[in-house]
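Input: a single structure, listed below in C-alpha cells.
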Amino acid sequence: MKFEVTILGSSSATPIYNRNPTAQLLNCNERFYLIDCGEGTQQQLIRYGFKASKIDFIFISHLHGDHFFGLVGLLSSLHLNGRTKPLHLFAPAALKEILDLQFLHSDTHLRYSINFFPINPAKPEVIFKNNDVVVETIILNHRIPCTGFKFTEKKRLRKLIVEKLERDSIPVEYYAMLKRSVDFELPDGRRVNHLDYTIDSAIPKVYCYCSDTMYDERYFDQIKGADTLYHEATFMHDMLERALETHHTTAQQAAEIAKKVDAKKLLIGHFSSRYKTLEGLLEEAQAGFENTVLATEGRTFEI
Ligand SMILES: [Zn+2]
Ligand SMILES: [Zn+2]
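So that you can map any letter, position 189 of the sequence shown is 484 in our numbering, and since no number is skipped, the others follow by simple counting.
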C-alpha cells in the first residue's frame, strides 16, 4: 500500500526563492490528503502532476496566512471544474466564517458540499478514520491555536501464502477467513490453522506533521516513534531568541526533538526567508539527528 508524502511548499510566511508557503500532499492507498494549503498550492499540484480533484480530505493546522491562503482558490477551482462529490475539511472553527464570507461576497455557490469539522485546539483527539488511516490532532505551541496531525496507517489483513494453499488444495472461498485470522474445519475433516497459510502484514507506519510550533515537551509523547516526523525548523539556532519570540523551532531543536522521541526519519521545513540556501539548516539538524532531510518542493518521501 502506498503511504507517502509530497512536499508542495517549504517556506514560512512568504513565497521566496522558488519556495512556496506550506502545503503537503499525503497519498495513502491512492487517497489524497492535503495538509495545509498556502498560497500557490494549486500551481504546485499541477507542477508535480497531481489532480486537485482527487483530494477528498483537507487538514489546516492554523489560521496564519502561509497555511491557508491558497484554500479559497482551490475550493473555487474544484467548483469551476465541476466537482460534485463532498469534500471533508478539518480546520480551526473560524475558517468556516472566513470561507463563508468569501463565497458570499463573490456570489459563489459551490456545486459540492464541504463537510466542515472544527478542530478543538485544547486537546488531542482522533478526528478521522477510514479503512486506510487514522488521523489525530497534535496540540502545538504557537502564537495562535495550532494543531499538528498524526496519520497512522491501519493494520492490514494477513497475507496469504498462495503457493501453500494451492499445494494443499484449500478452496479459494476460505481465503478471506484466513486473512482475518480465522481457523476452521474443511468438509473433508481437515483442520486449517491460519498461521500455517498466512503471514502477518507490515507494521502500520506513522507520519507526524508538526508545523508551526516552538519546542514544547507536551506533544512529544504523541509523536513518539514516528516513522517519519515532519517538524518545522524555521530558524538556525543562532536565532533562538527570534524563534522563541515568534513561537517557532530552530533546526537544532527539531533534531533534538526527533532524537528524543525516537523518530526514524526527520523532515524539516517552514524555512525563514532569511535563508537563501538551506544547507546550513540541514547541517545543523544532521549534527543532532543524522537521518534528517530537507522537505523541499517536489520531493516525495515514503513514510
Ligand atoms: Zn507558518
Ligand atoms: Zn504560524
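The C-beta atom is built at its ideal place from N, Cα and C for all residues, glycine as well.
Open item on the list: Could you check whether residue 524 and residue 580 sit closer than 8 Å to each other, using their CB atoms as the reference points?
Closed with: no
Open item on the list: So, does the stretch 354 to 365 touch the stretch 457 to 468, judging by three or more C-beta pairs under 8 Å?
Closed with: no
- [ ] Could you say which of 510, 301, 377, 327 lies nearest to residue 539 if we only look at CA atoms?
- [x] 510
Open item on the list: Less than 8 Å between the C-beta atoms of residue 554 and residue 583, yes or no?
Closed with: yes
Task: Cut-off 7 Å between Cβ atoms - residues of its own chain near residue 476, not counting five sequence neighbours on either side - done: 453, 489
Task: Where the beta strand (DSSP E) containing residue 342 begins and where it ends - done: Per DSSP, residue 342 belongs to no beta strand (DSSP E); it is in the alpha helix (DSSP H), 336 to 342.
- [ ] Could you check what DSSP says for residue 431 in three-state terms: helix, strand or coil?
- [x] strand
TODO: Please state if the CB of residue 337 and the CB of residue 377 are separated by a distance shorter than 8 Å.
DONE: no
- [ ] Enumerate in chain order the residues of its own chain whose CB-to-CB distance from residue 502 is below 6 Å, with the five nearest sequence positions on each side excluded.
- [x] 446, 523, 598
TODO: Indicate the three-state DSSP secondary structure (helix, strand or coil) for residue 377 in the structure shown.
DONE: coil
- [ ] Give the secondary structure of residue 510 by DSSP, where H, G and I count as helix, E and B as strand, and everything else as coil.
- [x] coil
Task: Cβ-based neighbour list, residue 347, same chain, cut-off 7 Å, excluding 5 preceding and 5 following - done: 337, 340, 369, 372, 373
Open item on the list: Is it buried or exposed, residue 448, if we count other Cβ atoms within 10 angstroms and call 16 or more buried?
Closed with: buried
Open item on the list: Closest to residue 518 by C-alpha separation, out of 308, 492, 560, would be which residue?
Closed with: 560
Task: Sufficient close CB pairs (3 or more, under 8 Å) joining the stretch 302 to 313 to the stretch 427 to 435 - done: no
Open item on the list: Would you say the beta carbon of residue 526 is closer than 7 Å to some non-hydrogen atom of ligand 2?
Closed with: no
TODO: Identify every residue that forms a DSSP beta bridge with residue 562.
DONE: 525, 588
Task: Close beta carbons around residue 479, own chain, < 7 Å, minus the five adjacent residues each side - done: 469, 472, 487
Open item on the list: Is residue 348 near ligand 1 - that is, is its Cβ less than 7 Å away from at least one heavy atom of it?
Closed with: no
TODO: State the Cα-Cα distance for the pair residue 316 and residue 529, rounded to the nearest angstrom.
DONE: 12 Å
- [ ] Return the Cβ separation of residue 508 and residue 545 in integer angstroms, given the expectation that the two are a contact with Cβ distance under 8 Å.
- [x] That pair is no contact at about 12 Å.
Open item on the list: I need the straight-line Cα distance from residue 594 to residue 355, nearest angstrom please.
Closed with: 21 Å
Task: Beta-carbon proximity of residue 416 to residue 387, cut-off 8 Å - done: yes
TODO: Compute the minimum distance between the beta carbon of residue 331 and the heavy atoms of ligand 2, and state whether it is under 7 Å.
DONE: no
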